[in-house]
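Participant: Here it is, the structure in full.
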Amino acid sequence: MHWADFAASRLAQRGDSHIIATGITPSGHIHVGNMREVLTGDILRRACSDAGMNAELAYIADTADPLRKVYDFLDDSYSQYIGHPVGDIPAPDEKGRPDGDGTYADYFLAPFLAALDETGVECRVIDNYQSYKNGDFAENARKLCDAAEQVREIIERVSSRELSDNWFPYNPRGSDGSIDGVVITNWQWPYVHWVDQHGIEGKADIRTADGKLPWRLDWPAKWQQIGVTCEPFGKDHAASGGSYDTGKEIAKLLGYEAPMSMPYEWISLKGQGAMSSSKGITLSARQLLDIVPPEIMRYLIARTKPKRAIDFDTGEGLISMADEFERLGNSIPSLQDKLHSEEALKKRQRDQIEDTLAFWKYSQVVAGDSTASGSGISFSHLSLVAQVKQEDAEVWKSLSQTHGIDEKQPSKVLQERLWRMRNWVAGELFPDSSRVSIQEKINTEWVNSLGEDQIAYLQKLSESTTILENTESAINQWIRNTAQDCKLETKVAFNTLYNLYLGKDKGPRLAALLSALGKEQIIAPLTSTLNHLG
RNA sequence: GGGCCUGUAGCUUAGUCAGGUAGAGCACCUGGCUCUUAACCAGGUGGCCGCGGGUUCGAACCCCGUCAGGCCCGCCA
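Note that this note's numbering has the first sequence beginning at 276, numbered continuously upward.
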C-alpha cells in the first residue's frame, strides 16, 4: 500500500473530515526541502479524498516569527529589524537593502506559492501574523498565560531542559518592536506587562499582534484553532523531547487531541549536503521548477516514503528519474490490465503494482487526470534534440519524424518540457556527460588504430559528400548505404562515426546530430582524418 | 551523556508493524526490430538483507549488543 493511502487509512480511524496542516517561516528563499513538506501534505490530502473523506490542506505562513539574524543575502541595515515579525518588515530590494516593495514575508512567500500552484498543490493559505492581529490566538494565549507554571513544567519535563526564571508563555514586542530581550513583569488579562532591553516598560495586549507565543506553544495553539488533524513536519520536530512531544501535552492542556504526526526526512543536494540557506546550499522552489517538470517533482516525493532521505541529483539522476517517469506512464495501461486480470498474482507482485500505480496517480499535477503528464518523449532524447536544434520548430519537426508527434501542435506538456529543458541545458546543473560536444581535433591514436575496412568506409563517405543533402533521412541513407557498399557491418560503421565526431563508442541519433551540424562540419573531420592517414 | 530515524544487488529501492524460499527499476550482458547503437521489445548475470549473538522448526523482519550516517535534547524552524 502506498504510504499516503496507509496514512489516510489511519486518519480514517479518527474521523471522516480532516485538516492537514503544513507551514514554514518565510525568512529567506523557500527551498526544495520545504517543497517536500507541502507535497507530502498534498499527496496525503488526495489520498484522503480518494478514500472518501473530506480533506483540506492548510498552508500556514509563519509570518509572525521574528527575523533571527542578518542573512548573507541581506544588507547590514536589516539589523534594525532583528526580532521583528517577518510579516511586518520591508522586503529586500535587489541589493538586499530593506527598500523593496511589500513585506519581507511576501517577498519570499509569493514565488513559493506560485510554485505550489504550478505543482498542483491545492491549499488554503493562513497568514499567522494576521491570525494574531485578528485575535485568533487570544483564548489560547490566555489559557497558557494563566497556566504558566504548568506549561513550564511540561516543557521542562518533556524536553528535559531547564527554562530560565523569567521565562513566560508569551513573547511581547518591546519599545523598538523586537521580541528579543523583553522580560515579563506581570500578567493580567488581557495584558502582559514587560520591560525591554532598553529598560523601557510597557504592556502587550495578547488579543493582538503585540507579541506572539513561543514556537512550542504557538504550534499546538494553531492546531486547536484551525482544527488540524494531521501534520507533516521535519524529522527535527519528531525527535523525542522535540516540539511535537511537548506540543502533544500542550494540546491536551488546551483540550485538544494532537494531530497525527507525519515526520519526513530532509532533501539534500547530491554532492553538496543538506539544504542550508546559511551555507549557500540551496535550490529555491522557483529555480527548481525552471528546470524540473512539476509532475516529476511530485513523482520524486510520491515514490519516496517520507521517512526516507532524498539525495536530490539535479544532473544525471534527474535524467534517469524523468526517463523512468516516462516509461512508467507508458506502462500504466498494461499494469492496470495485469491487476484486473484473472491471472493469479502473488501478494508481493500485487502490492508492487498497486504502489507503482499510486506513484503515477499522485504525480499528476491535475488530480484525477491520469494521462496528461506523459509527454511521450524520454528526457534523454529531448535533452539531445534540444541541444542539437536551436529553433523549437526544428525540435517538433525532428520529434514528428522520430516519435510521430504532431509537428504543428505539440502537446502543452511537451512544450513546457522543452522550455524547461532549454533552461537546464543553458545552466550549470545540466550534466556534462549528457552534453553533446563535437570533437574539435582528430584523435590520432584512434585514427592509427583504424582497420582497412573502416578506412575504406571513410574514404567512400568522403567521396560521396558532394551529392549529400542536409536532411536527416538523406544522411541516414548515406551512412547506411555506404556501409553496405563497403560490406561493413552497420554496427561497426556507426561505431566508427561516433568516434570520429564525438570521440565515443555510442551516441545520440547520428543523422539528427549531423543534420543539425551542417555540411561543412560533417565533411571537415572526414577530410582531416583521411589527410592524417595520407 | 540521554533519545529518535536510517543501513537490502554497482545505483535507486520494495518487503520489517502481523517471522514462512529476498521482489522491482536503472546500469550491464545477450537476442529481436529490412527505423540506430543514448529509440523500442524480449531474456539474462548480479544480494553472508551493516556486523555479532539470542529466541524459533524457520529471522531482512522479533530481542540484546555493536558499527556507520543523520537528527533532537540551546535560540529558531
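Using N, Cα and C, we set each Cβ at its ideal position, and we do this for glycine too.
For residue 773 versus residue 779, is the C-beta spacing smaller than 7 Å?
Facilitator: yes
Participant: Pull the bridge partners of residue 293 from the DSSP assignment, please.
Facilitator: 330
Participant: Looking only at C-alpha atoms, which of 464, 430, 472 and 574 sits nearest to residue 263?
Facilitator: Residue 263 lies beyond the stretch modelled for the chain, which goes from 276 to 809, so this question has no answer here.
Participant: Please name the residue in 580, 607, 726 and 567 whose C-alpha comes closest to that of residue 591.
Facilitator: Relative to residue 591, the option among 580, 607, 726 and 567 whose CA is nearest is 567.
Participant: Cutting at 6 Å between CB atoms, please list the residues of its own chain near residue 817, excluding the five before and the five after it.
Facilitator: In the structure as shown, the chain begins at 276 and stops at 809. Residue 817 is therefore absent and cannot be evaluated.
Participant: Roughly how far, in whole angstroms, is the beta-carbon of residue 473 from the beta-carbon of residue 460, given that I think they are within contact range, below 8 Å?
Facilitator: 15 Å between Cβ atoms; not a contact.
Participant: Just mark residue 447 as buried or exposed, buried being the case when its beta carbon has 16 or more other beta carbons within 10 Å.
Facilitator: buried
Participant: Starting from residue 505, follow its DSSP beta bridges and name the residues at the other end.
Facilitator: 295 and 535
Participant: Return the first residue and the last residue of the beta strand (DSSP E) that residue 477 is part of.
Facilitator: 476–480
Participant: What did DSSP end up calling residue 337 once you bin it into helix, strand or coil?
Facilitator: coil
Participant: Who are the near neighbours of residue 324 in its chain, counting only those whose CB is closer than 6 Å to its CB and skipping five residues on each side?
Facilitator: 330
Participant: Pull up the CB-CB distance for residue 787 and residue 663, whole angstroms please, since I reckon it's below 8 Å.
Facilitator: 6 Å
Participant: Does residue 487 come out as helix, strand or coil in the three-state DSSP assignment?
Facilitator: strand
Participant: Quick one: Cα of residue 493 to Cα of residue 326, how far?
Facilitator: 31 Å
Participant: How would you call residue 608, buried or exposed, if buried means at least 16 neighbouring beta carbons within 10 angstroms?
Facilitator: Here residue 608 is exposed. Its C-beta has fewer than 16 other C-beta atoms within 10 Å.
Participant: If you follow the alpha helix (DSSP H) that residue 363 is part of, which residue opens it and which one closes it?
Facilitator: Neither: residue 363 is in no alpha helix (DSSP H) and is coded neither H nor E.
Participant: Does the contact criterion of 3 or more C-beta pairs under 8 Å hold for the stretch 791–806 versus the stretch 678–694?
Facilitator: no
Participant: Using the rule of at least 16 other Cβ atoms within 10 Å of the residue's Cβ for burial, across every protein chain shown, is residue 750 buried or exposed?
Facilitator: With a 10 Å radius around the Cβ and a threshold of 16 neighbouring Cβ atoms, residue 750 comes out buried.
Participant: Enumerate in chain order the residues of its own chain whose CB-to-CB distance from residue 452 is below 7 Å, with the five nearest sequence positions on each side excluded.
Facilitator: Cβ neighbours of residue 452 beyond the five flanking positions: 359.
Participant: Check residue 595 in the structure and name its three-state DSSP category.
Facilitator: helix
Participant: Between which two residues does the beta strand (DSSP E) harbouring residue 710 extend?
Facilitator: Neither: residue 710 is in no beta strand (DSSP E) and is coded neither H nor E.
Participant: Give the secondary structure of residue 802 by DSSP, where H, G and I count as helix, E and B as strand, and everything else as coil.
Facilitator: Residue 802: helix per DSSP, three-state reduction.
Participant: Taking the C-alpha atoms as reference points, what is the distance between residue 439 and residue 471?
Facilitator: Rounded to whole angstroms, residue 439 to residue 471 spans 16 Å at the Cα level.
Participant: Which same chain residues, not among the five before or five after residue 671, have their C-beta less than 6 Å away from its C-beta?
Facilitator: Only residues of its own chain outside the window of five on either side were considered, and among them 682 and 685 have a CB closer than 6 Å to the CB of residue 671, listed in chain order.
Participant: Is there contact here, the stretch 331–347 with the stretch 399–408, by at least three beta-carbon pairs under 8 Å?
Facilitator: yes
Participant: CA-CA distance, residue 299 and residue 388?
Facilitator: Counting only the Cα atoms, residue 388 lies some 12 Å from residue 299.
Participant: Tell me which residue opens and which closes the alpha helix (DSSP H) that residue 675 is part of.
Facilitator: 667–678
Participant: According to the neighbour-count rule (16 or more other Cβ atoms, all chains shown, within 10 Å of its Cβ), is residue 348 buried or exposed?
Facilitator: exposed
Participant: What does residue 459 pair with, by DSSP beta-bridge criteria?
Facilitator: 469
Participant: DSSP on residue 266, reduced to helix/strand/coil?
Facilitator: Residue coverage of the chain in this structure runs from 276 to 809, which leaves residue 266 outside it and unanswerable.
Participant: Whose C-alpha, out of 283, 698 and 455, is nearest the C-alpha of residue 354?
Facilitator: 455
Participant: Give every residue of the same chain whose Cβ lies closer than 6 Å to the Cβ of residue 563, excluding the five residues on either side of it in the sequence, and list them in chain order.
Facilitator: Closer than 6 Å at the Cβ level, and outside the excluded window around residue 563, lie 307.
Participant: Using 7 Å as the threshold, is the C-beta distance between residue 361 and residue 342 below it?
Facilitator: yes
Participant: Across which residues does DSSP place residue 542 in a beta bridge pair?
Facilitator: Answer by DSSP bridge pairing, in chain order: 585.
Participant: Does DSSP put residue 755 in a helix, in a strand, or in coil?
Facilitator: helix
Participant: Kindly indicate which three-state DSSP category residue 401 falls into: helix, strand or coil?
Facilitator: strand
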